[in-house]
Structure formats: structure tokens, C-alpha cells
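**Student:** First, the structure itself, so that you have it in front of you.
Number of protein chains: 2
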Amino acid sequence: MKNKINTLISTICDKAITASRELALLDTRQKNKILHAMADGIEAHAARILTANRKDVLEATSAGLAEPMVKRLELNTSKIKAMAAGLRSVAALKDPVGRELRKWKRPNGLVIVKKSVPIGVICVIFESRPNVAADSAGLCFKSGNAVILRGGKEALRSNAEIIQAMLSYGIRQGLPKYALQLIRTADRAAISELVQMQGKIDLVMPRGGEALIRAVAENAKVPVIKHYKGVCHIFVDKSAKTDQAIEIIINAKCQSPAVCNSVEKVLIHRDLAKRFIPALYSRLDKLGVELRGDAASRKIEPGIKKASKEDWDMEYLDLTLTIGVVDSPEQAVAHINLHGSHHSDAIISENKASQKLFLAQVDSAVVYVNSSTRFTDGGEFGMGAEIGISTDKLHARGPMGLEELTTYKYLVQGKGQVRR
Amino acid sequence: MKNKINTLISTICDKAITASRELALLDTRQKNKILHAMADGIEAHAARILTANRKDVLEATSAGLAEPMVKRLELNTSKIKAMAAGLRSVAALKDPVGRELRKWKRPNGLVIVKKSVPIGVICVIFESRPNVAADSAGLCFKSGNAVILRGGKEALRSNAEIIQAMLSYGIRQGLPKYALQLIRTADRAAISELVQMQGKIDLVMPRGGEALIRAVAENAKVPVIKHYKGVCHIFVDKSAKTDQAIEIIINAKCQSPAVCNSVEKVLIHRDLAKRFIPALYSRLDKLGVELRGDAASRKIEPGIKKASKEDWDMEYLDLTLTIGVVDSPEQAVAHINLHGSHHSDAIISENKASQKLFLAQVDSAVVYVNSSTRFTDGGEFGMGAEIGISTDKLHARGPMGLEELTTYKYLVQGKGQVRR
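Following this line, the structure appears as C-alpha cells:
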């Protein structure tokens, strides 16, 4: 079985490599035409996609899949329209390939151009939401990469119809046949094979829960860009405008609690704590947020539950928030660098020196001053679309848009130069 | 033993993380002062370094280490001066940290700055040449990274004295105590521990032969940037200026055969082969280059030895060259993408369309037109210094200078913005 899967994946990769060479020959106009065709394809195949999706949902429900997972799996007409619209908006984005990143001439006359090029073959491993198939395929295609998709087995029929719709309409407009490929086996061994395809897959991007991401990253021989979780912090400095701080915390916690850029921990400067914590507690309590805290905060507001040691590192993804009291911005920074997930962290402060210290020393992808952490998002950053958020430091950090799906190469033009 | 080494490496990593936070606080002037102090330290400790090196060389010789390895291990006064001069030249380079890579304002008033920052903790694993210790330490330090060095066990005494000299002089000028650390155990288990330090080491760079690099990359859980080998190609198109092509091939093969950017394979357009191959053979034969070739080339010039199947993928690093005849630039490109190492490849051609095709489709870090492949080098590119050459595609590709030793983060300045 192992050998059969290995052969299957290896063949898929070889086809993807061939497709990636063909993709390199498409110009922006051709790519955009194909993206529009793929969007048309999804709309034209809407009925088929919905039928397949209903089968997936029925099977998942009878197999006892958890309610929120089933919800994420479920498609409807408006979700299908959104997928098509997403592809059209990717067509409208600037082509990230072929940008001249730098050009210079050496004293010996060599002209060196550093030019953006596709990465090559990208594998996206995702969970229940079938729209990730269309989104990822669109972004990888626009950036000139061949993509291999591996979705959750519960969404196999839905994903297959979506990709089939994109392919059948795309190929008529010149899409290379193997530019989008879906792994159609439900066997989990496929994932282990995919992440071992050194030299065949250039990048693996897991999109899903922490368990999936760890499973991918820990077995990978191929480069992986990922974020494990978002344990985002807000530090309320002593000079903070307290009303502003409360509004920001409420927004960062409550507007969409289940996403990675929602806040999970609030640290409060000791000089402000007595005044601030009761006000924060009363607002959050009304909104149904469960507050957990350290001894200092609980002494001020006994309604706060006791935080365990584990609370400080946990990503709740629900209406729970842990708060603590710190003595200084320095202590806040040290706490965040130790317990945070290097995702998004904010300082609320009117003090320029504290702001500067926080921005310089918090080792996270995005560091905010006087703003909600919820803005860490490709759309909110103006990238137009994102394929994910990286808490890694190499290649891409923070929201990853089209540019982050490219690499570069050096083109050197000479007139017979040799090295002396 | 395993646990002891694990504890040792883990402690070294924790100290490096602390040092990396301190490094972030140094400004350019301070860093340059420290680099000059480290250079002074190496010169002041020259006698000690040479004494240590003599012991290393004696032991290596009596242990039967191969002659070229011993040569690489051996230091002398001029090599020590060159190390110090290298550090001073790194001081003269532009600080890669704190560059504003992009700045923009969102419609909601948020101001986003994408700023270059150090990667954090970098581990350099290298072989016999002790000057790599000083070079790597200097480049990592200038780019604000803490560095953990693991040299060859045959150079342990030399490396220890070099690092000691840099530290003792550097610390007096404000170098954080654990910014440079050398692994002092000869136990090979240290390498396996280092490459498993996820979350503690941000990047591992192996510098050495293919065996070392494979050993590092195949066990790594930590990101690795590497190049396995340089199987560089030159394709001589039918429109090539033949004299120019011969001079370029001679330079790329003979000027320094043992380096990764020397040429190993030459492909010749069939229309040119009859005229070109005898001329090339006669020049290279006089220079002591052994030519191996395919049937077509051997039919033209019987002095050419028969190339085996393996020859097409081999990095010789000596005066051996394999040549073959191809029908078109397309065939040359396909061959190079299959057999090359994605390092440096050149086309010699006066035809614009062939040049364009070759530049666009050869999937290598550096692609040349009418030039020797020997220019793939940080110095030759004008980067001032290089820590290595990457044949990977993520983060850094081609020669890696100071800028490639940084990552970025987003700094977002708000005035109370919340997400709607």
C-alpha cells in the first residue's frame, strides 16, 4: 500500500513539475483569462458542486462529524458565488511574477537583474472548508505555481467537483492540464508521502487546525510555511487611553473569537490596574466573555476566575480571555516573547518610548500600536487576498499574498566576461 | 549521553535567544565598533590562534586526515590578517537591519511599515576551514543575529581561539556575551540535536561538502538553507561567437575547478558541433582537462572519452568536463532542468529569442547570457561578502549576503482602530 501511494504521489508531482514549466510561459493576460474561465466554470457547475457537497454533508453527519466541522463543510449558492468572485478578484490583482526587484551593473559590465519568478510546485493541505480549494488554486495559479491540493476526506466529493469545474473551463483557455491537481485518495499516508517529496514539491502549506499543522511540519522534508496558532496579546500601558483600550480589547476578543488574530491575553500595567480592570471586567462580562486572571487582577476584581499555568499559552478561539498585571513594558515584552505565538501583538499606549520599545522588541509577525490585532489579514493589509498567515520567519512572515508565493532568480547579461 | 548533549545544546540555544534580544538593541555604530574590536582581537591573539592551529594540524596529520583537508585546516599569518580584514570590511557594509522595505497607509488610517529585522538565532555548521568561524560570526553579528557555530572536530582548538579572541575584544565594546557561541564537544550527536531545536534555532546553514549538507538537511526540523552541489552547465547555441564560447568555458572550468560555480557540463547545438567540438577539445586538452562525451561528440572528436550515465549528474570539482550535443535551446533547457543542480547555468548565444527562452525557462538561482558561471559569488555580485550560496527557492536564492540574513516584521501604527 505504501509503495502504491508513493508511486501515485510521485507521479502527481512529476506532472505538476511539467505543468509548472508550462505555467512559466503564460503571460498576465492569459492567466487572467483563465482565472475568469475558472470562475465561470464554478458558476456553471454550481448544481453539480452542491449535489456533491450534499453527499459529503450527509455522510459526515451520519459519521458523527462535529457540528462546527459540518458547518464549515457545507456549501450553498452564495458560498459558490463567493468562490467565483474570489477568482475574479485574484484576476484583478497585479501579477506578482516578472517584477524587476533590483537591477544593477557591475564594474566589469555584467548587468544583473533580480526578478520575481514562481516558486514551482506548491502543495496545500487543508481541512473541511471546500472553498479553500478554489481560493488556493486561484492564488497559486496567478503566481505561476502548479498546485497539488489535499483536502479533508469529508470534503472529497465537493473538492473534486470544484477542481473539475475549474479545470474543464480553464483548460479550454489554455490552463496546463496538470496545473491544478487534487489528491483523490482518502488515505492519510498521502500526506506523509507529499511532505517527503524533496526536489519535487517546493513548498507545503498546511491550512487548518494545530494538529494538522503539527502533523505536516513534523514529518516534512520539504519546506513548510505555517502558523501553529495565534496567541495574540494586548498590553495596556499606564499611559493608555482607557476607553480606547477597552474598545480595542472588545473588538479583538469578540468580533470574531474563533480566528487566529483574535486576542487571547491582556497584560495591564500595574499603575493602571485598579482603575482599568473593573471597567474592563464589567464590559466583557456583559458580552459573555469569561475572564481568567493572575492573583493581582483577581484581588482587584474577584469575579475573575483563577488562571492556570496552561492558560498563559492557550489559544481559546472562544469568548475566554486571560488577563494579568505587569510592572513595565519590558516585563510585558518578555512575557509576550515567551508565551505568545509570534503572530500579532499590540500595545495601547500614549507614551512614545513605550511604543518604540514594544515595536522593536516584540518578536512577532505583526506588532501594533493602539489598534486591534484583528487587522492581521491579507485583505485588511491591502494585499487583496491571502493564502495564509505565517508565524515562521523565513521567506514570508505575517499575511501571505501573491508576492509571497513567488521567489526570485538572478538574470545576468554579459558580453563574454570571464572571471580574473 | 544523548540527554547530556540535549541539555548542553538546549542551554546554548536559550543563551543565544537572550543574546539575540540584546543584539536587537545595538545600533549600527555600536555594531561596527564591535566588529573592529573583534578584528583587533583576532590580530592580537594571532600567536595563540597559530599555536592552537599547529596542534590541530599535527593531530589531524597523525590521524591520517587527507592532504587537502589538512591544507584547508592550516592557518598562517596572512590568513589571520585576512580574517581580521574580512571583519573590518563587514563593518563597512550597509546595515541590513531596520530598512523600511515598504510603508503604506490603509483607508482606515492604519500606517503599516514592513521593516527588516534580524532572523534571530542562526546555527552555522561547517567543516575544516577555521576562517569560516570568523566570517560567519561577523556576518551574523552585523545582521543582528546570535550565532551558534559548529566546526569540524579537527579544527576545534583553532575555532575556539578565534571565537575567544573575537569575544574578549568584542565584549569590552558591548558585544552580548552569548552572541557568538562555539559548540565545544566533538560528539557528532551535537549536530542532530542542533537541527531538532525547533522554536530555538531559526535557521541552520550547513557549509561544506555534500555529505555534511545532506546529513544536516535530512534530519532537520529547523529551517535549513543550503546548496548541495553545483552542477553548472554552459549551452553553446548555434549563433554563439565560438571564440567567446571557448574562452568562457575555459574560464568556467579551469580558473578554479574545485568551487561550486565552476562548469561541469557543456551542451553544444548540433549545427555548430562539427566546427566547435574539435576546437574546444584541442584547447581543453592542452590545459589538462579530461573530456567525456556522448556518442555524437565522440564521433566528431574520438579523443573524447565515453560519458557514463552518471556523468551527466556529477559534480567533479576537478579538471573533468562532460560534453553533449543537443538539437535546440529547448532541449538544452530540458536537460539542464533535469540534470543540473539549479545553481548557475549559462547560454552562449547571439540570438535574442534563444537568450530569452533560456533566461525564462532555466530554473536556476543564476542564469547567464554570454558570461562565465564563475560570477555566482557574493563579492562578484557586489554584496560585499557572502555567507553561502542557496540553491533552495525559499527565503534566499543564489549568493546570500547580509540582507539575506534578515527577515521582516510589520509595524502597524493606529489611533484606536477596530475592525468592523
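Chains as they are written, first to last, in our numbering: chain A, 135 to 554; chain B, 135 to 554.
The beta-carbon is built from N, C-alpha and C at its ideal position, and this holds for glycine as well.
Tell me whether Met339 of chain B sits in a helix, a strand or coil according to DSSP, three-state version.
**Tutor:** As a working note, residue 339 of chain B is residue 205 in the second sequence. Looking at Met339 of chain B - three-state DSSP - the assignment turns out to be strand.
**Student:** What does DSSP give as the partner residue(s) for Met534 of chain A in the beta ladder?
**Tutor:** As a working mapping, residue 534 of chain A is identified with position 400 in the first sequence. Answer is A:Gly522.
**Student:** In the DSSP assignment, what residue or residues form a beta bridge with Arg426 of chain A?
**Tutor:** Counting from 1 along the first sequence, the entry for residue 426 of chain A is found at position 292. Arg426 of chain A is bridged to A:Lys439 and A:Thr456.
**Student:** Decide if the region 241-252 of chain B is in contact with the region 197-213 of chain B; the criterion is three or more beta carbon pairs, one per stretch, under 8 Å apart.
**Tutor:** Taking 8 Å as the limit for Cβ pairs, the verdict is that the region 197-213 of chain B does not touch the region 241-252 of chain B.
**Student:** For Ile143 of chain A, which of A:Leu283, A:Gly364 and A:Glu234 has the nearest alpha-carbon?
**Tutor:** On the first sequence, position 9 is the one that residue 143 of chain A refers to. The shortest C-alpha separation from Ile143 of chain A is found at A:Leu283.
**Student:** State the DSSP-derived secondary structure class of Ser416 of chain A, mapped to helix, strand or coil.
**Tutor:** By one-based count along the first sequence, residue 416 of chain A stands at place 282. It is helical.
**Student:** Against chain B, with Cβ distances strictly below 8 Å, would Asp161 of chain A count as a contact?
**Tutor:** In the first sequence, residue 161 of chain A corresponds to position 27, counting from 1. With 8 Å as the cut-off, Asp161 of chain A does not count as an interface residue toward chain B.
**Student:** From this set, A:Gly548, A:Leu453, A:Val459 and A:Gly474, which residue's C-alpha is nearest Gln489 of chain B's C-alpha?
**Tutor:** Position 355 of the second sequence, counting from 1, holds the residue named residue 489 of chain B. Checking every option, the nearest Cα to that of Gln489 of chain B belongs to A:Gly548.
**Student:** Can you tell which of A:Ser390, A:Lys443, A:Gly342 and A:Ala153 has the C-alpha that lies nearest to the C-alpha of Arg426 of chain A?
**Tutor:** Residue mapping note: residue 426 of chain A aligns to position 292 of the first sequence, counting from 1. Nearest C-alpha to Arg426 of chain A: A:Lys443.
**Student:** Below 8 Å on the Cβ atoms is my contact criterion, and I expect Tyr312 of chain B with Ala280 of chain B to pass it. Report the Cβ-Cβ distance as a whole number of Å.
**Tutor:** The residue given as residue 312 of chain B occupies position 178 in the second sequence. The residue given as residue 280 of chain B occupies position 146 in the second sequence. Between Ala280 of chain B and Tyr312 of chain B the Cβ distance is about 7 Å, and since that is below 8 Å, they are a contact.
**Student:** Looking at the structure shown, is Pro463 of chain A part of a helix, part of a strand, or coil, going by DSSP?
**Tutor:** Here residue 463 of chain A corresponds to residue number 329 of the first sequence, with the count starting at 1. It is helical.
**Student:** Can you check DSSP and say which residues form a bridge with Gln315 of chain B?
**Tutor:** The residue given as residue 315 of chain B occupies position 181 in the second sequence. Gln315 of chain B is bridged to B:Ile282.
**Student:** In the region 262-275 of chain A, which residues sit with their C-beta less than 7 Å from some C-beta in chain B, listed in chain order?
**Tutor:** So the list is empty, because no residue satisfies the distance condition.
**Student:** I need the straight-line Cα distance from Gly286 of chain B to Ser292 of chain B, nearest angstrom please.
**Tutor:** Residue numbering aside, residue 286 of chain B sits at position 152 when the second sequence is read from its first letter. Residue numbering aside, residue 292 of chain B sits at position 158 when the second sequence is read from its first letter. Answer to the nearest angstrom: the Cα atoms are 10 Å apart.
**Student:** May I ask you to list, following chain order, the residues of the region 526-546 of chain B that have a beta carbon less than 9 Å from some beta carbon of chain A?
**Tutor:** Flagged, chain order: Asp526, Lys527, Leu528, His529, Ala530, Arg531, Gly532, Pro533, Thr541, Tyr542, Lys543, Tyr544, Leu545 and Val546.
**Student:** Could you check how far apart the C-beta atoms of Met300 of chain A and Leu314 of chain A are, in whole angstroms? I think they sit under 8 Å.
**Tutor:** Within the first sequence, residue 300 of chain A is the residue found at index 166, counting from 1. Within the first sequence, residue 314 of chain A is the residue found at index 180, counting from 1. Contact holds; Cβ gap of about 6 Å.
**Student:** State yes or no: is the beta carbon of Phe410 of chain A nearer than 8 Å to at least one beta carbon in chain B?
**Tutor:** Reading the first sequence from its first residue, position 276 is the one you call residue 410 of chain A. Cβ-Cβ to chain B under 8 Å: no for Phe410 of chain A.
**Student:** Looking at chain A, is there any beta carbon in it that lies within less than 8 Å of the beta carbon of Gln495 of chain B?
**Tutor:** For the purposes of this step, residue 495 of chain B is taken as the residue at position 361 of the second sequence. Yes, Gln495 of chain B counts as interfacial toward chain A.
**Student:** Mind listing the chain A neighbours of Leu244 of chain B? Cutoff is C-beta to C-beta under 7 Å, in chain order.
**Tutor:** Taking the second sequence and counting its residues from 1, one reaches residue 244 of chain B at position 110. Chain A residues near Leu244 of chain B: Ser505 and Phe509.
**Student:** Figure out for me which residue from B:Thr541, B:Ile457, B:Ser396 and B:Leu337 has the closest Cα to the Cα of Ala150 of chain B.
**Tutor:** If you number the second sequence from 1, residue 150 of chain B lands on position 16. Closest by alpha carbon: B:Leu337.
**Student:** Could one say the Cβ of Lys355 of chain B lies closer than 8 Å to chain A's Cβ atoms, at least one of them?
**Tutor:** The residue you call residue 355 of chain B lines up with position 221 of the second sequence. Yes, Lys355 of chain B counts as interfacial toward chain A.
**Student:** Measure the CB-CB distance between Pro230 of chain A and Ser277 of chain A and report whether it falls below 8 Å.
**Tutor:** Locating residue 230 of chain A in the first sequence gives position 96, where the first residue counts as 1. Locating residue 277 of chain A in the first sequence gives position 143, where the first residue counts as 1. Yes.
**Student:** At what residue ranges does the region 179-210 of chain A contain a whole run of the alpha helix (DSSP H), taking only runs of 4 or more?
**Tutor:** Correct list: 180-196 and 201-207.
**Student:** Can you check which of these residues, A:Ala441, A:Ile168, A:Ser302 and A:Val356, is closest to Val400 of chain A by C-alpha distance?
**Tutor:** If you number the first sequence from 1, residue 400 of chain A lands on position 266. It is A:Ala441 whose Cα lies nearest to the Cα of Val400 of chain A.
**Student:** For Gly550 of chain B, report the span of its beta strand (DSSP E) as first-last.
**Tutor:** As a position in the second sequence, residue 550 of chain B is number 416, starting the count at 1. Counting along the chain, the beta strand (DSSP E) containing Gly550 of chain B begins and ends at Thr540 to Gln551.
**Student:** So Ile253 of chain A contacts chain B; which residues on that side make the cut at Cβ distance below 8 Å?
**Tutor:** As a working mapping, residue 253 of chain A is identified with position 119 in the first sequence. Residues of chain B passing the Cβ test: Lys527 and Leu528.
**Student:** Give the single residue among B:Glu449, B:Asp428 and B:Trp446 whose Cα lies nearest to the Cα of Lys439 of chain B.
**Tutor:** The count along the second sequence starts at 1 and reaches residue 439 of chain B at position 305. Per the Cα distances, B:Asp428.
**Student:** Tell me whether Ala320 of chain B is buried or exposed, calling it buried when 16 or more other Cβ atoms sit within 10 Å of its Cβ.
**Tutor:** Looking up residue 320 of chain B in the second sequence gives position 186. Counting Cβ neighbours within 10 Å, Ala320 of chain B comes out exposed, since fewer than 16 surround it.
**Student:** So for His361 of chain A, helix, strand or coil by DSSP?
**Tutor:** In the first sequence, residue 361 of chain A corresponds to position 227, counting from 1. His361 of chain A falls in the coil class under three-state DSSP.
**Student:** Evaluate Thr211 of chain B with the Cβ neighbour count: other Cβ atoms within 10 Å of its Cβ, from every protein chain shown; 16 or more gives buried, anything less gives exposed.
**Tutor:** For the purposes of this step, residue 211 of chain B is identified with residue 77 of the second sequence, where counting begins at 1. Exposed is the call here.
**Student:** With 7 Å as the limit, tell me which residues of the region 312-340 of chain A have their beta carbon closer than that to any beta carbon of chain B; keep them in chain order.
**Tutor:** Those residues of the region 312-340 of chain A that come within reach of chain B (Cβ to Cβ, closer than 7 Å) are Asp336 and Leu337.
**Student:** Give a yes or no on whether the C-beta atoms belonging to Val423 of chain B and Leu455 of chain B are separated by under 8 Å.
**Tutor:** For this step, residue 423 of chain B is matched to residue 289 along the second sequence. For this step, residue 455 of chain B is matched to residue 321 along the second sequence. Closer than 8 Å, so yes.
**Student:** So, Lys543 of chain B versus Val501 of chain A, is the Cβ gap smaller than 8 Å?
**Tutor:** For this step, residue 543 of chain B is matched to residue 409 along the second sequence. For this step, residue 501 of chain A is matched to residue 367 along the first sequence. Closer than 8 Å, so yes.
**Student:** Looking at chain B, is there any beta carbon in it that lies within less than 8 Å of the beta carbon of Val365 of chain A?
**Tutor:** For the purposes of this step, residue 365 of chain A is taken as the residue at position 231 of the first sequence. Taking Cβ atoms only, chain B never reaches closer than 8 Å to Val365 of chain A, which makes this a no.
**Student:** Look up Leu528 of chain B in the DSSP assignment and say whether it is helix, strand or coil.
**Tutor:** In the second sequence, residue 528 of chain B corresponds to position 394, counting from 1. Three-state result, Leu528 of chain B: coil.
**Student:** So, under 8 Å CB-CB, Thr525 of chain B and His361 of chain B are touching, yes? Tell me the CB distance rounded to an integer number of Å.
**Tutor:** In the second sequence, residue 525 of chain B corresponds to position 391, counting from 1. In the second sequence, residue 361 of chain B corresponds to position 227, counting from 1. Indeed, because the Cβ distance is near 4 Å, the residues count as touching under 8 Å.
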